[in-house]
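**Q** Residue numbers (the numbering used here): 66 to 291. Heads up, the beta-carbon is just placed ideally off N, CA and C, and yes, glycines get one too.
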């Protein structure tokens with residue numbers, strides 16, 4: 066197409082002189098512009114200059130995925146505690162305090178008539194803290210009386226003497242409650258609910274190896290001196 070146009074214009078130019086040149090330039094300009102627009106262009110490098118290749122669109126999707134990190138136990142959770150403490154009785158009752166933290170650490174303090182005396186700490190990886198929370202919720206611990214017997218003795222009429230006292234304290238985000246229970250306060254549905262919860266806590270804690278057998282202390286007036 067360009068050759069035909071140029072040849073025709075050349076003939077006009079030869080025949081018509083100056084006026085023909087004006088006609089040629091008016092007709093050829095749009096054609097030249099159209100040809101230039103349809104011709105692909107290349108970037109020409111200056112001497113010594115390198116042209117960077119076009120970025121591959123697929124490279125934008127090749128960013129490696131970052132693996133999710135393991136869950137981290139917060140300081141607030143680690144500071145939450147559940148504890149059970151057993152006091153003295155007339156005889157060789159085991160005396161100790163066991164505290165479980167929100168990160169499943171168990172701190173055991175053996176006092177008297179106990180297999181493992183002194184302070185002991187170990188990490189339990191079996192979800193002990195949450196299982197103790199479930200025990201409290203199942204027995205509706207937060208609704209229990211805080212003292213057994215209470216000031217008037219209404220929840221524990223005529224209890225026998227010389228039995229141990231159990232103190233349970235939950236200081237957690239879900240439950241903030243404490244119960245001091247004298248083990249002679251049985252015989253009522255409310256007291257039996259406390260006793261059932263204590264039994265379930267003992268089962269979850271599984272402290273048999275640290276508490277030992279009570280029979281080991283029969284005939285002894287006190288624990289060995291430390």
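1) What did DSSP end up calling residue 155 once you bin it into helix, strand or coil?
2) If you run the structure through DSSP and keep just helix, strand and coil, what is residue 208?
3) Where residue 226 and residue 266 are concerned, what is the direct C-alpha to C-alpha distance, given to the nearest angstrom?
4) Secondary structure at residue 194, three-state DSSP: helix, strand or coil?
5) Taking only runs of the alpha helix (DSSP H) that begin and end inside the stretch 211–280, which ones reach a length of at least 4 residues, in chain order?
6) Report the three-state DSSP secondary structure of residue 90 (helix, strand or coil).
7) Which residue or residues does DSSP assign as beta-bridge partners of residue 163?
8) Can you tell me whether residue 270 is buried or exposed? The criterion is at least 16 other CB atoms within 10 Å of its CB, across all chains shown.
9) Enumerate in chain order the residues of its own chain whose CB-to-CB distance from residue 186 is below 6 Å, with the five nearest sequence positions on each side excluded.
10) Residue 163 and residue 149: beta carbons closer than 7 Å?
11) Under 8 Å by Cβ, that's how I've got residue 167 and residue 144 pegged, so tell me the actual separation to the nearest angstrom.
12) Could you tell me the alpha carbon to alpha carbon distance between residue 230 and residue 153, rounded to whole angstroms?
13) Starting from residue 47, follow the beta strand (DSSP E) in both directions and report where the run begins and ends.
14) Nearest to residue 281 by alpha carbon, out of 268, 165, 157 and 146?
15) How long is the line joining the alpha carbons of residue 274 and residue 151, rounded to whole angstroms?
**A** Checking against the coordinates, here is how it stands:
1) Look at residue 155 here: in three-state DSSP terms it is coil, with no helix or strand label.
2) helix
3) 24 Å
4) Looking at residue 194 - three-state DSSP - the assignment turns out to be helix.
5) Counting whole runs of 4 or more residues, the stretch 211–280 contains the alpha helix (DSSP H) stretches 254–270 and 273–276.
6) Bear in mind that a pLDDT of 45 at residue 90, under 50, signals an unreliable position, so the number given afterwards is only what the model happens to contain. In this structure, residue 90 counts as helix in the three-state DSSP scheme.
7) 149 and 173
8) buried
9) In chain order, 172 place their CB closer than 6 Å to the CB of residue 186, counting only its own chain and leaving out the 5 sequence neighbours on each side.
10) yes
11) 7 Å
12) 7 Å
13) Nothing about residue 47 can be reported from this structure: the residues present for the chain run from 66 to 291 only.
14) 157
15) 16 Å
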